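Okay, structure first, notes after.
2 protein chains.
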Amino acid sequence: MDLPTSVEIVEVGPRDGLQNEATNVPTPEKISLIEALTAAGIGRLEATSFVSPRAIPQLADAEDVLSGLPSGNGVVYGGLIPNERGYERAKAAGVGEVVLVGAATESYCRANLNRSVDKVLDGFTPIAARGREDGIHVRANISTVFGDPFEGRPDRDQVLRVVSRVVESGIEDIVLSDTIGIANPRQVFDVFTLVREAHPDIDFGAHFHDTRGLAAANVLATLGAGITSFDASIGGLGGSPNAPGAGGNVATEDLAYMLAQMGIETGIDLDLLMDASDLLERLVGHPLKTRIDRSLLDDPSGAR
Amino acid sequence: MDLPTSVEIVEVGPRDGLQNEATNVPTPEKISLIEALTAAGIGRLEATSFVSPRAIPQLADAEDVLSGLPSGNGVVYGGLIPNERGYERAKAAGVGEVVLVGAATESYCRANLNRSVDKVLDGFTPIAARGREDGIHVRANISTVFGDPFEGRPDRDQVLRVVSRVVESGIEDIVLSDTIGIANPRQVFDVFTLVREAHPDIDFGAHFHDTRGLAAANVLATLGAGITSFDASIGGLGGSPNAPGAGGNVATEDLAYMLAQMGIETGIDLDLLMDASDLLERLVGHPLKTRIDRSLLDDPSGAR
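In structure tokens:
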């Protein structure tokens, strides 16, 4: 089995997870959660979102979260941004990277971002340029690459066209997202193989939801296509307010366990990750959607 | 992605699932469940077990179940047998195949079968011979190939040795089981590749538990190793009374959905399978452990 020897897990729970929670987690607890995650070995994460506080009140404290985080520890704290105003805020807050959101399909793009796919992509170019100038890494996350909640699956030409436009905007790090958890392993292998062949110099990442129980299999297929960067959300939190039936993200716990079992290096300490998981469960006040818990980490025999 | 074009799902729920339930499902309802499964396209299943009714009271009605099933429909009804007395009973009841159980590890073998691995395998040879004589297909299911609840993972030499002994007994159809759901995709790919290379003329099947959420990924890796026969249990029922923390089998619903999404033929109609799933839920009186339900079968967009 020809698989990468190491993989980067990009934690998105503090942003993608918490924005979908009914509970507003207080700022100090958000900071504690992020510190628990980085203590476990997470080196890159979406810490918050610089969108309108009216749109996502759960993340209205973006600046306060960033200013409360330790620096100089090598961790890349990222923030989602909707536009140049968001870029300004994120830059002022001291993020290491910004994440732009686009979509591969018109229906979801309009529902989620209230603009056409092309209009959204038009906004990427100036931000890519500013990021290069400011030394802030720019990442693009393309939603609904594997299926749209309203119009079904985009064809390959559409996916290739959108990815090419993102590349033309000057962004060199592109995440393809299965926003509604509808992807299957053959599909993700084919799509990632296709985009890598079309753009061999671009860093591609994967963002899966576990809505239909196929996230782990999709990760395996994506590894087989040579991808080494995976978004995951602690506790399997997440979804999309604008995608009916999106389900939760693949849980960081589940992904880290799977990769560890396969001998693929992630830098994550599973016991410490379970500490972060326990903390999150207390903060959100409901059971988490993971397949792995502390009791399942070890072989029943006591071997690990 | 180089995957088989069609796969056989061997349903084990009426045996492996129901034997782990607290509720005794009445014989007519077991027959209804099996009929619902075969109506959905299941062509081969473990209908019951010809073990001592004292050991497994839930399956004490083995003969009555078999005699109540329709014949001449091409469905292969199998029965698990512990020994030659079980073989006699299964043959008299008219099974199409018998399933023998062994193990790859001593600790679980003694806990589950109260004999050493070699003693258990010694019993396979006469039954293989009788099956050939009687035209009854003989299948061997080897437990704990990927991990034992007491002693951890057997090494490759041990797995190869056990498989070779089963082959020497005259059995040409061997299922490798992840009894406690501890396998990972790299491991199953390696083990199935190894045994296929050692025994290219043998039919190998896989039996996974979804204890740690890796069953779908393990299926994908096993497909990649060229295996085309998978056990599954409707509703994800099952476990092992003698394996602490075994968890449930991979659910037939989840496996059939995954394969359908990948365009791999199984002969199964997912809507009719959900009818069987609904019936099972009523019979056992508790929620099933599946990732897929009827509401998740379709894309939210209405496309399938």
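Going line by line, the protein sequences match chains A and B.
Positions 13 to 316 (our numbering) are the ones given, in order, by the first sequence.
Positions 13 to 316 (our numbering) are the ones given, in order, by the second sequence.
Beta carbons are placed, not taken as given, at the ideal position from N, Cα and C, and that holds for glycine.
Just so we're clear, the structure is a prediction, and the values are computed from it rather than from any experiment.
- In the DSSP assignment, A/V111 falls within the unbroken beta strand (DSSP E) covering 109 to 115.
- In the three-state DSSP reduction, A/V24 falls in the coil class, being neither helix nor strand.
- Cβ atoms of A/A140 and A/G108 stay farther apart than 8 angstroms, at about 16 angstroms.
- Within chain A, the residues S313 have their CB atoms less than 7 angstroms from the CB of B/D160, given in chain order.
- In this structure, B/V22 places its C-beta atom within 8 angstroms of the C-beta atom of B/L57.
- Cβ neighbours of A/I54 within its own chain (closer than 6 angstroms, five residues either side excluded): E23.
- DSSP places A/L188 within a strand segment (E or B) once states are collapsed to three.
- For B/Y99, DSSP records no beta bridge to any residue.
- Chain B places a beta carbon closer than 8 angstroms to that of A/A229, counting this residue as a contact.
- In the three-state reduction of the DSSP assignment, A/A244 falls in the strand class.
- A/E163 belongs to the set of residues whose beta carbon lies under 8 angstroms from a beta carbon in chain B.
- Under a 10 Å Cβ-count criterion, A/E100 is classified as exposed, with fewer than 16 other Cβ atoms of the shown protein chains found around its own Cβ.
- In the three-state scheme derived from DSSP, where H, G and I count as helix and E and B as strand, B/R142 is classed as helix.
- Residue pairing of A/G90 in beta bridges, as defined by DSSP: A/E58, A/E109.
- Going by DSSP, A/I239 is part of no alpha helix (DSSP H) at all; its letter is neither H nor E.
- For the pair A/V150 and A/L112, the CB atoms are nearer than the 8 angstroms cut-off.
- Taking a contact as a CB-CB distance under 8 angstroms, the pair B/I304 and B/E277 does not count as one, their CB atoms being some 18 angstroms apart.
- In the DSSP secondary-structure assignment, B/F220 is bridged to B/D190.
- In chain order, N254 place their CB closer than 6 angstroms to the CB of A/A123, counting only its own chain and leaving out the 5 sequence neighbours on each side.
- The beta carbon of A/G108 does not come within 8 angstroms of any beta carbon belonging to chain B, so the residue lies off that interface.
- In this structure B/D310 is exposed. Its beta-carbon is surrounded by fewer than 16 other beta-carbon atoms within 10 angstroms.
- With contact defined as three or more Cβ pairs closer than 8 angstroms, the segment 201 to 217 of chain B and the segment 292 to 308 of chain A are not in contact.
- Counting only residues of its own chain and dropping the five nearest sequence neighbours on each side, B/V175 has a CB closer than 6 angstroms to the CB of V207.
- In the displayed model, B/I46 falls within a helix according to three-state DSSP.
- In the three-state scheme derived from DSSP, where H, G and I count as helix and E and B as strand, B/E293 is classed as helix.
- Within the segment 124 to 176 of chain A, the complete alpha helix (DSSP H) runs of at least 4 residues fall at 129 to 134, 136 to 146.
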